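Beneath this line is the structure, given in structure tokens, with notes to follow.
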Amino acid sequence: MSDKVTLREKIGYGFGDAASSMFWKIFSIFLPFFYTDVFGISAAAVGTMFLATRIWDTANDPLMGVLCDRTTTKWGKFRPYLLWVAVPFGVVGVLMFTTPDLGLTGKLIYAYITYTLMMMVYTAINVPYASLLGVMSPKSNDRTLFASYRMAFAFAGSILVVLIYQPLVDGFKNVVAVTTAYQLTMVVVGCLVIIMFLLTFSWTRERISPPKEQKNNLKEDLKNLVGNIPWFVLLGAGVATLVFNSVRDGVTLYYFKYFISDDVALSWTSATFTFSTLYLFLGQATNMIGVIMAKSVSSVLGKRKTFMYAMFCAAILSGFFFFVGKNNLWLIYTLQGLISFCAGIVFPLLWSMYADAADFSEWKTGRRATGLVFSASSMSQKLGWTIGGSITLWLLAFYGFEANVDQSAETIKGIKYMMSFVPGGAALLSGLVMMLYSLNDKKMVSINAELDQRRNAE
Numbered sequence: 079m080s081d082k083v084t085l086r087e088k089i090g091y092g093f094g095d096a097a098s099s100m101f102w103k104i105f106s107i108f109l110p111f112f113y114t115d116v117f118g119i120s121a122a123a124v125g126t127m128f129l130a131t132r133i134w135d136t137a138n139d140p141l142m143g144v145l146c147d148r149t150t151t152k153w154g155k156f157r158p159y160l161l162w163v164a165v166p167f168g169v170v171g172v173l174m175f176t177t178p179d180l181g182l183t184g185k186l187i188y189a190y191i192t193y194t195l196m197m198m199v200y201t202a203i204n205v206p207y208a209s210l211l212g213v214m215s216p217k218s219n220d221r222t223l224f225a226s227y228r229m230a231f232a233f234a235g236s237i238l239v240v241l242i243y244q245p246l247v248d249g250f251k252n253v254v255a256v257t258t259a260y261q262l263t264m265v266v267v268g269c270l271v272i273i274m275f276l277l278t279f280s281w282t283r284e285r286i287s288p289p290k291e292q293k294n295n296l297k298e299d300l301k302n303l304v305g306n307i308p309w310f311v312l313l314g315a316g317v318a319t320l321v322f323n324s325v326r327d328g329v330t331l332y333y334f335k336y337f338i339s340d341d342v343a344l345s346w347t348s349a350t351f352t353f354s355t356l357y358l359f360l361g362q363a364t365n366m367i368g369v370i371m372a373k374s375v376s377s378v379l380g381k382r383k384t385f386m387y388a389m390f391c392a393a394i395l396s397g398f399f400f401f402v403g404k405n406n407l408w409l410i411y412t413l414q415g416l417i418s419f420c421a422g423i424v425f426p427l428l429w430s431m432y433a434d435a436a437d438f439s440e441w442k443t444g445r446r447a448t449g450l451v452f453s454a455s456s457m458s459q460k461l462g463w464t465i466g467g468s469i470t471l472w473l474l475a476f477y478g479f480e481a482n483v484d485q486s487a488e489t490i491k492g493i494k495y496m497m498s499f500v501p502g503g504a505a506l507l508s509g510l511v512m513m514l515y516s517l518n519d520k521k522m523v524s525i526n527a528e529l530d531q532r533r534n535a536e
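The opening residue of the sequence shown carries number 79 in the numbering used here; numbering runs sequentially from there.
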């Protein structure tokens, strides 16, 4: 197998996160709104469901990492899961947006079951996908490049889904019931997601294997993970960053529907785009610009400082959101663009640093457990999204939110808090946690050089 990384492989790896991000953006933005305003569950009940399902799912991610590390096939350790789980991933996504003819209790039970299944399937495909970054190339620069492609495609997938999701729902609503419209929209998105993951499986390769003398030893791997301080720092920073994103995404539709008045802002042929759709599109577009700039900026400042400064800026800009009037759309959009640019910079750095943490563990202990280390990425993503989603829905309930009615002044104030100070606090925490990260770029050059010598000796 050639050690040279090809353009097709970079694109293929990118398709995987485009697929995941299409679903994840739907879960972050549209799922809470679907549950409260379409499915008919209270905001407090949905927030509790998000958190309760984490009890099992938090353990599920490292278990999947352990399973991947012990998988041996002709395709490698991680790639085969992209093939095996792609179709279930798409199907369960459709089931989440299916509305059965049940009473309120039955609907809540159905939501618990389908949401839990979705998180399990998400783990089964995304822990292997994230871990793949750690074995496609031994070079730190290649990994940052792969991570940049991954994030660029992730935001491209997010842009695509925020542009087509609501217009598809509105289009289907013209011929079927609103509940069926959401289901059919997910069928369309689900088919795209399956195709993308299959392309990722087909176009990528695994080049790094554990040391030849390494024997499977879960106790030893867990012991090494506990001693991997950079891993814990990334876990903490990742959770805080995802809380920041999750709260902002989760409250957006409520902010525009109940505070701004979400009218049609633009029409093109038979498609219509609301102010919220344009807001979400702008966020994903500027996210992508941040992703593109990540490598250049981090080459000058280093990964750690770039991450910290971006999160501190996002925290300050988020605070301004509270003071913007409902008629000042230009300032709302400007802040959205700047905040999303800052958020876009940090994500390729975060994934690249997970790979560095895996290298650090191998360098320190002589053992490599890529899947276990990278399970932190999936765990922090889902944990951060869950905490953020639960906070959003609980705060909505706390401030007296009721679906599909005019909101009180207190509820509107709470929604504005969730667009500003709440995510801003999470961004500030993320930057502060990253100050503890010890694997600077100079140290990683030395670690990678020593690992290369070991591998060549084998």
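Note that CB positions come from ideal geometry on N, CA and C, so glycine has one too. None of these values were measured; they are calculated from a predicted model.
Report buried or exposed for residue i, applying the criterion of at least 16 other Cβ atoms within 10 angstroms of its Cβ.
i	result
residue 107	buried
residue 491	exposed
residue 513	exposed
residue 365	buried
residue 180	exposed
residue 327	buried
residue 273	exposed
residue 408	exposed
residue 297	exposed
residue 141	exposed
residue 334	buried
residue 401	exposed
residue 403	exposed
Tell me, to the nearest whole angstrom, how far the beta carbon of residue i is from that of residue j; I am working on the premise that it is less than 8 Å.
i	j	result
residue 440	residue 358	Not confirmed; about 40 Å, so no contact.
residue 188	residue 178	6 Å
residue 538	residue 203	This structure cannot speak to residue 538, because the chain is shown only from 79 to 536.
residue 393	residue 509	7 Å
residue 338	residue 353	6 Å
residue 277	residue 161	In fact, because the Cβ distance is near 11 Å, the residues do not count as touching under 8 Å.
Helix, strand or coil for residue i per DSSP?
i	result
residue 352	strand
residue 537	Outside the displayed range of the chain (79 to 536) lies residue 537, so it cannot be described from this structure.
residue 492	helix
residue 380	coil
residue 361	helix
residue 177	coil
residue 168	helix
residue 314	helix
residue 328	helix
residue 154	strand
residue 83	coil
Near residue i, what residues of its chain come up, given a Cβ to Cβ distance below 7 Å and the 5 sequence neighbours on each side ignored?
i	result
residue 221	211, 215, 430 and 433
residue 399	413, 497 and 498
residue 388	420, 423 and 424
residue 397	498, 499 and 502
residue 263	243, 246, 247 and 250
residue 376	384 and 427
residue 525	437, 438 and 441
residue 361	414 and 418
Apart from the five residues just before and just after residue i, which ones in its own chain have a Cβ nearer than 6 Å to its Cβ?
i	result
residue 443	302
residue 368	419, 422 and 423
residue 114	121 and 481
residue 99	232, 235 and 236
residue 166	199
residue 465	321
Given residue i, which residues of its chain have a CB within under 8 Å of its CB, disregarding the five upstream and five downstream residues?
i	result
residue 87	214, 281, 282 and 283
Is the segment 143 to 158 in contact with the segment 217 to 235, if contact means three or more CB pairs nearer than 8 Å?
By the Cβ criterion, the segment 143 to 158 is not in contact with the segment 217 to 235, since fewer than three pairs of Cβ atoms, one from each stretch, lie closer than 8 Å.
Pair every Cβ in the segment 113 to 126 with every Cβ in the segment 471 to 484, then say whether three or more of these pairs are closer than 8 Å.
The segment 113 to 126, when compared against the segment 471 to 484, does touch it at the 8 Å Cβ threshold.
Can we say the segment 125 to 144 touches the segment 259 to 276, given the rule of at least three CB pairs closer than 8 Å?
Touching, no, given that fewer than three Cβ pairs across the two stretches are closer than 8 Å.
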